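A.B. asks: In our numbering, the protein residues as written are 262 to 366. Ideal Cβ positions, reconstructed from N, Cα and C, are used throughout, including at glycine. Only a predicted model underlies this, so the values are computations on that prediction, with no experimental measurement involved.
1. Quick one: what's got a C-beta closer than 6 Å to residue 339's C-beta in the same chain, skipping five residues either side?
2. Whose C-alpha, out of 343, 341, 335, 285, is nearest the C-alpha of residue 349?
3. Express the C-alpha separation of residue 291 and residue 282 in angstroms, rounding to a whole number.
4. Go through its chain and collect everything with a Cβ distance to residue 333's Cβ below 6 Å, but skip five positions before and after it.
5. Going by DSSP, which residues form a beta bridge with residue 301?
6. Kindly give me the distance between the Cβ atoms of residue 295 and residue 328, rounded to whole angstroms, as I take these residues to be in contact under 8 Å.
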């Protein structure tokens, strides 16, 4: 993975169910886990038929350096948009990660 290809900045957020707001009330939220340089490999919109009718799904693939502990429960923020992580693939022997994401509605 060449450093010159990592031309985007993404932030990985982790869901924090135990967070409380200023009033002491439980307020589940996403907390920043890491900010990384990444490569935007593919961005496509897929249309398919489902039980509810025709739907469109935007799929984005990011490649980044290895970060331990990233799961499908996390999400990616890029250019102000939130993406749910659907698949995490290891590149090489912990050289990098490929994150397959879809838009969080």
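C.D. replies: Checking against the coordinates, here is how it stands:
1. 271
2. 335
3. 13 Å
4. 346
5. 323
6. 6 Å
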